[in-house]
Amino acid sequence: MTDNIKGKVIVITGASSGMGEATARDLAANGAKVALGARRLDRLDGIVKDITEAGGEAVAVATDVTKRADVQALVDTAKDRFDRVDVIFNNAGLMPLSPLESLRIDEWDQMIDVNIKGTLYGIAAALPIFKEQKSGQVINVSSVYGHITVASGAVYCATKHAVRSLSEGLRQEVKDYNVRVTVISPGAVDTELTQHITEPELGDNVREFVSQIAVPANTMADMVSFAVSQPENVDVNEILFRPTVQP
Ligand code: NDP
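In the UniProt record's numbering, the protein residues as written are 1 to 247.
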């Protein structure tokens with residue numbers, strides 16, 4: 001199946017750490033040409049260096065997904081450099097959990113801007129190219145928390161429910177252009193995600209819980225590879241995975 005990955009041009013947001021980085025390295029090792037976006041350009045440059053030294057093809061673009069022009073520039077760079085775009089992996093996300101009554105409104109705004117609007121900006125940048133090519137794949141990242149709602153996670157859960165909803169709406173709209181839409185919902189994965197929780201006790205508890213059960217970031221790479229490598233007429237609409245012991 002990895003033959004279907006070789007040569008594909010894949011744009012990845014949030015590629016500087018965690019699941020985005022792991023997926024970038026894995027897809028590039030299987031012959032994909034990857035365009036990497038995130039705010040920490042130094043980290044992206046290091047990943048590009050590793051990939052190119054190993055004989056792969058990669059380009060890095062400093063990207064803040066809350067800025068539509070940045071996301072457009074990332075996708076445009078991929079198209080200019082590699083002539084086409086086959087997949088956009090809208091992976092960038094934030095999870096600063098807190099009870100609503102703490103009124104951490106700046107964090108609510110960040111989650112809405114990165115998790116929802118960042119995903120929409122990725123779709124906006126890639127869709128015209130996909131329609132012209134009559135081929136393409138959007139892969140969005142939701143969460144187990146896009147399937148359930150938990151206390152202290154109201155806003156994060158709402159953003160991840162939104163990602164699933166907009167993914168299904170998009171799928172129905174673009175199927176006739178031969179555009180595939182996949183939404184992947186992970187459970188606990190070992191990444192930097194929990195480091196941004198600013199509620200002290202909650203942050204410690206979540207980090208302790210996740211550290212005991214999390215699966216490696218490369219688990220996501222396997223899921224993305226599975227979805228990308230299907231034949232063109234097979235659209236893997238939804239993947240939900242979690243550590244076996246996670247409730
Ligand atoms: P990480 O914190 O390791 O990675 C998050 C990535 O998002 C980083 O590369 C970060 O890059 C990027 N990012 C954050 N804000 C922005 C922004 N404004 N513009 C561009 N990039 C941004 O966490 P994960 O790998 O875990 O997260 C990947 C996705 O998986 C997220 O959508 C997350 O919600 C989701 N998820 C994670 C789970 C887990 O247990 N880890 C479970 C369920 C879902 P930079 O800071 O350099 O901009």
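Ideal Cβ placement from N, Cα and C applies to all residues, glycine included.
The DSSP assignment places 105 to 111, 118 to 133 as complete runs of the alpha helix (DSSP H) inside the stretch 69 to 155, in order along the chain (cut-off: 4 residues). Using a Cβ distance threshold of 8 Å, S98 and L193 do not count as a contacting pair. Residue pairing by DSSP puts K33 in a beta bridge opposite V9, E57.
Comparing alpha carbon positions, the residue from A125, S135, V181, T219 closest to T23 is T219.
The beta-bridge partner set that DSSP reports for L240 consists of S185. Taking 8 Å as the cut-off, the beta carbon of N140 is found no closer than this to the beta carbon of V75.
In the three-state scheme derived from DSSP, where H, G and I count as helix and E and B as strand, A221 is classed as helix.
Counting along the chain, the unbroken alpha helix (DSSP H) around L202 starts and ends at 200 to 213. Remark: C-beta atoms of T66 and V114 approach each other more closely than 8 Å.
The criterion of a C-beta distance shorter than 8 Å is satisfied by I88 and G122. Sequence-distant Cβ neighbours of D86 in its own chain, meaning closer than 6 Å and more than five residues away, are K8, V9. Spanning the alpha carbons of E232 and R180 requires a straight line of approximately 8 Å. Under DSSP, V179 shares a beta bridge with G136.
In this structure, the beta-carbon distance from I12 to L41 does not fall below 8 Å. N205 has its Cβ no nearer than 7 Å to any heavy atom of the ligand NDP.
In the three-state reduction of the DSSP assignment, A38 falls in the strand class. Counting only residues of its own chain and dropping the five nearest sequence neighbours on each side, L44 has a CB closer than 7 Å to the CB of A15, S16, L36, A38, A60.
Each residue's CA atom was taken as its position, placing L166 and C157 some 14 Å apart.
For P96, the shortest separation between its Cβ and any heavy atom of the ligand NDP does not lie below 7 Å. Each of M19, Q230, P128, G153 was checked against the Cα of R84, and the nearest Cα belongs to P128.
Under DSSP, the beta-bridge partners assigned to A62 are A38. For A154, the distance from the CB to the nearest heavy atom of the ligand NDP is not below 7 Å. The DSSP-derived three-state label of D235 is coil. Here V48 really is in contact with A58; their C-beta atoms are around 4 Å apart, less than 8 Å.
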